[in-house]
Structures are given as C-alpha cells and as structure tokens.
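In the numbering used here, the protein residues as written are 1027 to 1237. Taking it in order: structure first as structure tokens, then the write-up.
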C-alpha cells in the first residue's frame, strides 16, 4: 500500500487562504454594518399645534392670525426649542399654508436663521415621506393643526393613542424619534408652557375655534 502523499507547501498556503476568505468576508460585512449604522442616526420630528387665535378674528377664509397670547406662546415655543439639541438645534421648520401656523413658527425660525417651509399637511403620506427623505438623521419641527397632527404621527408609525386636542390646548408638544435603519419608533409628549393670561381689564379675547 502506497504511503499518502504529503501536501506541498504551495497546497498548504492555498488551503490557509481558502480558510481565511470566510473570516475576511464576515469582517468586511461587520465593518460595513458598523459604518452604516453609525452614519444613520435617529430622525427626530417635533409636532406642535399652532398657538392661540381668536375666532372673532377669522376672516372669510377662516385664516385668523395669532392673538396677543398666541404671539407670547410662540416665543415660549422658541425658548423651549432653541437649544433642544446640544450641537445644532432644529434643522428644519415646516408650517401649513395657514397664517396661524406660520406665525407660530416664525420666532424660532428667526432665532435659528431658518426658512419656514410651507407644505400640505393633509397630504399625509407624501408630506412625511418628503420630510424623512430630506432630513434623515436631523431634527424637524412641524407646526400644524389639531386635526392633522395625529395622522402625521401615525404615518411615522408613532403612537396611535394621542389624546384629542381641546379647544384651548395649544401648549402640547410631541416628539417622535425614528431609528434608522431598524428599531422601535418612540413618541414623547410634553407641555412647553403657557403664557400669562390676559388681564381682566382692557380688551378681552376668546381663544379657540381654529383647528
């Protein structure tokens, strides 16, 4: 019976290389995933309803401006969000085509030197898709209406258990965090504060009415 032939040095080197290929491949995949995940931070979308208005100030097109208390609340919102992130703060601000949402967003936009972008908030899917595609990994503020905030949050797979807005609920703020590429969407609720109520003396105002 012939003795087995020992592999040559060349064969041994070839076999070692073949054994290393899977290890190298797994290492490359692991490094690529680590880089990809590191470069895809969570996206944060902040939702607020416009600030206070007076129903009596609504014109034929139902587009009232903010009243004095609403303007004070818009400044409180700017105080609350101006330094919300320790690095860059809010990266983009959206409002609807209504005056009351744009006026609510204006103080923060002015402080951060940002343009208030106008969008159709009723076009829920396209609007949210556009926001996430443009500002993935960023912080976005959306100033909207009592009847649009819940559908917008739902489109992001946020909480479906939002309490309904009352007529005078203008200080609620929702933060939705969207991990990328995978993870559970979180929805947080805050109250960013109320401005002082108008004095009993002088001209009185009636808040509520506008969505």
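By construction, the Cβ of each residue, glycine as well, lies at the ideal position given by its N, Cα and C atoms.
For residue i versus residue j, is the C-beta distance shorter than 7 Å?
i, j, result
"residue 1182", "residue 1169", "no"
"residue 1172", "residue 1213", "no"
"residue 1106", "residue 1200", "no"
"residue 1069", "residue 1204", "yes"
"residue 1138", "residue 1221", "no"
"residue 1156", "residue 1124", "no"
Here's the rule I'm using: 16 or more other beta-carbon atoms within 10 Å means buried, otherwise exposed. How should residue i be labelled?
i, result
"residue 1071", "buried"
"residue 1223", "exposed"
"residue 1209", "exposed"
"residue 1067", "exposed"
"residue 1127", "buried"
"residue 1153", "buried"
"residue 1236", "buried"
"residue 1271", "Examination of residue 1271 is not possible in this model, given that the chain is present from 1027 through 1237 alone."
"residue 1129", "buried"
"residue 1176", "buried"
"residue 1216", "exposed"
"residue 1094", "exposed"
What whole-angstrom Cβ distance do residue i and residue j have, given they're in contact under 8 Å?
i, j, result
"residue 1096", "residue 1077", "4 Å"
"residue 1100", "residue 1092", "6 Å"
"residue 1110", "residue 1165", "7 Å"
"residue 1142", "residue 1179", "Actually they do not touch by this definition, with Cβ atoms about 20 Å apart."
"residue 1206", "residue 1162", "6 Å"
What residue ranges within the segment 1107-1154 form continuous alpha helix (DSSP H) runs of no fewer than 4 residues, ordered along the chain? 1125-1138
Would the segment 1192-1200 count as touching the segment 1142-1161 if we require 3 or more Cβ pairs under 8 Å? no
If we count Cβ pairs, one from each stretch, closer than 8 Å, do we get three or more for the segment 1104-1115 versus the segment 1126-1138? yes
Runs of beta strand (DSSP E) lying entirely within the segment 1168-1234, each at least 3 residues, in chain order: 1198-1204 and 1212-1217
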